[in-house]
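The number in the working numbering is simply the position in the sequence shown, starting from 1, with 2 added.
Don't be surprised by glycine CBs; every beta carbon is placed ideally from N, CA and C.
Just so it is clear, the structure is predicted and the values come from calculations on it, not from any experiment.
Report on the following structure.
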Amino acid sequence: MKRIGLLLLFVAFVFSLSPGFTQNENAIVRFGDMHGEVNVRQNSDDDDAYVFAELKTSLKHDDRIRTLPKSGAILSFSDMTTFVMKEDTVIVLDIANERESKVGLVAGNVWVNLKKMVADGSMEVEMAQAVAGIKGTNITCSSDPGSQEDRVAVMRGQANVRVKETGEEFIVEEGEEIVIKKDAKPEKIQIDIQAEQSKWEEDLSRLGESIDVNDLPEIFRNINESSAAEYSKLNETFQNLMGQEKVELADAVALRTSAERFVGVVMENLLVLNNSKRRIDAAMETEGLSNDQRAQLNSLIREMSSSIAAQTSFQAEAARMMRYQFRTSAISDEFQSELEMIRTELAQVVSDLDSIRSVLSSNSANQTQDWFKESADTCNQAQISLADLSQRVARILAENGAIPDAQALLKAIADQQTTIASMLKSLVVVEVDTSTITEMQQIEYEISESIVTLEQGIRSYNSLSAVSPVSAAISRQAIEAQEARLKASIAIMSNFANARKLYNKAQRKYDSTMRSTAGSAARTNEQEEMDALWLNISDRFQQLGVVAEELQRHIQELEDDLNHMLNR
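Given below as structure tokens:
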């Protein structure tokens, strides 16, 4: 009943009106999601002015937002830009001018993904030591007041970082991080993009989870329009290059880089859409929906399915562009065919890996143990294929000197080899024995049967008339009736005792299984099924237990009454 109550509350929330971009057209930024405790106050106030923030809390210029330990927040800008705050983070909003937004990072860690701003605006993240200017970029920023150190890491695109103390400016490219310390020379270092993104997986998994249903049509429309516009520009460049007899290497590399960035944006969009889909699916399964509510949800499902299909199509088209082999002027005809063959094989490997990455970045809990095993096998085979491709490219370079296109290809292979190592860690799961699931299903069935038997026993028990032990005249029939009540109650308790044995057995199975899977990097469909089975078994046993405890209290009374009647 508790679960049903929670679902009904959820549905009530889903269909309630709350502030959003669709209701407040002047909103530049709003909370997209939050967990734990998040506070807001005006920057000019002191800390006593902090108030507890909710999803519907409106955000204004010069607001200071902080997340406490084990807390976090996602800010959604009106142009679909995403701003994620980790725990123990403090920022200040400078949004007086929507086209030139600025966020002050006082302390902590943030993840920023800018999309439409690339064309008509910009954003700055100002820290204690540096200012990061970004357009169409995915970066992370951190600021530590204690060590007086700021960091900017670029996952996609590039960032312009200005050191406040000296005025120096640095271009930070994709796969680089710049470290700025007070009274020290800024330092650029190479980073593993996949490893850096993995630090944010838990925070990013919440994307789209708390979007109000009333806002979903606008969210879907913005996702579709921004993606279609970016794809149109990308495809125009692709078609122009296809029409050329020979393509400059820099142009071919730039196209592939743009396609890779676009795929990153699409994968985030799919994460938002899939999280929204799970919320709508859960609402559809709730009892008591009105026809209007069900019609609204069905309409959203159609829009969402259309959006997911469009994003999947964009992803496939971008992957096709990345696989396309342009004849570049930097490569002689002698080695062009060999490099094109290597690119084709690399593109197939990347396509296989992208399919796995897409699932891991959305919701791997819906996947079976077999999927994890097959995906790990695919990654291991990809490592073998990449090692072979790397050797072939290295051989071409050794025989012909520094060919830029071959060098770029070698780096692309190395990047994939690096990401596979991280992916394999995410694919490590502890298997749940199928026989254990079957046994739990049998226990669930037997406890369900026990409920039916118990209900029959209770009806039988209640149909027997009670006899007062102090009645002046007690007949043999009365004594037999009291004996029947006692036997019926004992039969019920016996049934409950059998159910309790089943429950204890299920508990041992569940605890043992889940302890063994505690170290898994991801959850499988089988683990989710074990959770659901255990929850059902617990719920059913509680139903038995409430009645059994009541009868247990009366058994002694029944025995005393019967003894009193027999001894008179």
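Specify the secondary structure class of PRO406 as computed by DSSP and reduced to three states.
-> Here residue 406 is taken as the residue at index 404 of the sequence shown, counted from 1. Residue state, collapsed to three classes: helix.
Out of curiosity, what's the CA-to-CA distance linking LYS187 and LEU77?
-> Sequence index remark: in the sequence shown, residue 187 carries index 185 (1-based). Sequence index remark: in the sequence shown, residue 77 carries index 75 (1-based). Their backbone Cα atoms lie some 33 Å apart in a straight line.
Can you pull the DSSP bridge partners for GLY169?
-> Along the sequence shown, read from residue 1 onward, the residue named residue 169 stands at position 167. According to DSSP, GLY169 bridges with nothing at all.
Cβ-heavy atom distance between ILE182 and the ligand MN below 7 Å?
-> The ligand MN is absent from the structure shown, which contains no ligands of any kind.
Specify the secondary structure class of ILE303 as computed by DSSP and reduced to three states.
-> What you label residue 303 is simply residue 301 of the sequence shown in a count that begins at 1. In this structure, ILE303 counts as helix in the three-state DSSP scheme.
Check the DSSP bridge columns for THR133 and list the partner residues they point to.
-> The residue you call residue 133 lines up with position 131 of the sequence shown. It should be noted that the sequence gives Val, not Thr, for residue 133. Answer is GLU128, ARG164.
Option in ASN115, HIS63, GLN419, GLU401 with minimal Cα separation from THR142 = The count along the sequence shown starts at 1 and reaches residue 142 at position 140. For the residues ASN115, HIS63, GLN419, GLU401, the minimum Cα distance to THR142 belongs to ASN115.
Which residues does DSSP pair with PHE328 in a beta bridge?
-> On the sequence shown, position 326 is the one that residue 328 refers to. Partner(s): none; PHE328 has no beta bridge.
Which of the three DSSP states, helix, strand or coil, is assigned to SER462?
-> Working through the sequence shown from its first residue, we reach residue 462 at position 460. Note: SER462 maps to helix in three-state DSSP.
Name the two residues that bound the continuous beta strand (DSSP E) containing LYS190.
-> Walking along the sequence shown from the start, residue 190 turns up at place 188. Where LYS190 is concerned, the enclosing beta strand (DSSP E) stretches over 189-192.
What is the rounded straight-line gap between the Cα of LEU429 and the Cα of PHE316?
-> Within the sequence shown, residue 429 is the residue found at index 427, counting from 1. Within the sequence shown, residue 316 is the residue found at index 314, counting from 1. A direct Cα-Cα distance of roughly 26 Å separates LEU429 from PHE316.
Which class does TRP373 belong to by DSSP, given the choice of helix, strand or coil?
-> As a first step, residue 373 must be located in the sequence shown, where it is residue number 371. Correct three-state label for TRP373: helix.
Could you tell me which of GLU530, LEU299, GLU451 sits nearest to THR370, measuring between CA atoms?
-> Sequence index remark: in the sequence shown, residue 370 carries index 368 (1-based). Looking at the Cα atoms, GLU530 is the closest of the given residues.
Does the Cβ of ALA474 have 16 or more other Cβ atoms within 10 Å, making it buried, or fewer, making it exposed?
-> Along the sequence shown, one-based indexing puts residue 474 at 472. Note on ALA474: pLDDT 43, under 50, position unreliable in the model; the coordinate value appears next. By the 10 Å Cβ count, ALA474 comes out exposed.
For ARG573, which residues from the same chain have a beta carbon less than 8 Å from its beta carbon, with the 5 sequence-adjacent residues on both sides left out?
-> Any property of residue 573 remains undetermined from this structure, which presents the chain solely from 3 to 570.
Is the distance from the Cβ of GLU528 to the Cβ of VAL434 below 8 Å?
-> Mapped onto the sequence shown, residue 528 falls at position 526. Mapped onto the sequence shown, residue 434 falls at position 432. It is a contact, given that the beta carbons lie within the stated cut-off.
Figure out for me which residue from ASP90, ARG101, ILE398, ILE405 has the closest Cα to the Cα of VAL108.
-> Stepping through the sequence shown from its first residue, residue 108 is reached at position 106. When only C-alpha atoms are compared, the closest one is ASP90.
N-terminal and C-terminal residue of the alpha helix (DSSP H) that THR259 is part of = To locate residue 259, count along the sequence shown from 1; it is residue 257. First-last of the alpha helix (DSSP H) with THR259: 251-286.
With a 10 Å radius around its C-beta and 16 neighbouring C-beta atoms as the bar for buried, classify MET157 as buried or exposed.
-> Within the sequence shown, the letter at position 155 stands for residue 157. Buried: at least 16 other Cβ atoms inside 10 Å.
Determine the extent of the beta strand (DSSP E) in which ASP96 is found, giving its start and end residues.
-> The residue given as residue 96 occupies position 94 in the sequence shown. 91-96 is the extent of the beta strand (DSSP E) around ASP96.
Whole-angstrom Cβ separation of ASN99 and ARG66, contact assumed at under 8 Å?
-> As a first step, residue 99 must be located in the sequence shown, where it is residue number 97. As a first step, residue 66 must be located in the sequence shown, where it is residue number 64. Not really, about 19 Å apart at Cβ, beyond 8 Å.
Among LYS58, LYS413, ILE398, the one whose alpha carbon lies nearest that of LEU388 = Along the sequence shown, one-based indexing puts residue 388 at 386. Out of LYS58, LYS413, ILE398, LYS413 has the C-alpha closest to the C-alpha of LEU388.
What's the C-alpha gap between TYR326 and ALA349?
-> On the sequence shown, position 324 is the one that residue 326 refers to. On the sequence shown, position 347 is the one that residue 349 refers to. C-alpha separation (whole angstroms): 9 Å.
Check the DSSP bridge columns for GLY74 and list the partner residues they point to.
-> Here residue 74 corresponds to residue number 72 of the sequence shown, with the count starting at 1. GLY74 pairs with HIS37.
Quick one: what's PHE54 bridged to in DSSP?
-> Counted from its first residue, the sequence shown places residue 54 at position 52. Beta-bridge pairing links PHE54 to ASN41.
Tell me, please, whether the segment 294-308 touches the segment 235-244 by the rule of three or more beta-carbon pairs shorter than 8 Å.
-> no
Cut-off 6 Å between Cβ atoms - residues of its own chain near LYS190, not counting five sequence neighbours on either side = Here residue 190 is taken as the residue at index 188 of the sequence shown, counted from 1. Contacts found: GLU178, ILE180.
Beta-ladder partner(s) of LEU107, from DSSP = Position 105 of the sequence shown holds residue 107. According to the DSSP secondary-structure assignment, LEU107 is paired through a beta bridge with ILE93.
How about LYS104 and MET125: do their beta carbons lie closer than 8 Å?
-> If you number the sequence shown from 1, residue 104 lands on position 102. If you number the sequence shown from 1, residue 125 lands on position 123. Closer than 8 Å, so yes.
Stretch pair the segment 227-238 + the segment 276-290: three plus CB contacts closer than 8 Å | no
For TYR447, count neighbouring Cβ atoms within 10 angstroms of its own Cβ and tell me buried if that reaches 16, exposed if not.
-> In the sequence shown, counting from the first residue as 1, residue 447 sits at position 445. By the 16-neighbour rule on beta-carbons within 10 angstroms, TYR447 is exposed.
Where THR84 sits in the DSSP three-state scheme = Walking along the sequence shown from the start, residue 84 turns up at place 82. Three-state result, THR84: strand.
What is the DSSP secondary structure of THR59, counted as helix, strand or coil?
-> Along the sequence shown, read from residue 1 onward, the residue named residue 59 stands at position 57. THR59: coil per DSSP, three-state reduction.
ASP379: buried (16+ other C-beta within 10 angstroms of its C-beta) or exposed?
-> The sequence position of residue 379 within the sequence shown is 377, counting from 1. Label assigned to ASP379: exposed.
Three-state secondary structure assigned by DSSP to LYS183 = By one-based count along the sequence shown, residue 183 stands at place 181. DSSP places LYS183 in strand when its eight states are reduced to three.
Assuming VAL351 contacts ALA384 under a Cβ cut-off of 8 Å, what Cβ separation, rounded to an integer in Å, is found between them?
-> Numbered from 1 along the sequence shown, position 349 holds the residue referred to as residue 351. Numbered from 1 along the sequence shown, position 382 holds the residue referred to as residue 384. Indeed they touch by this definition, with Cβ atoms about 5 Å apart.
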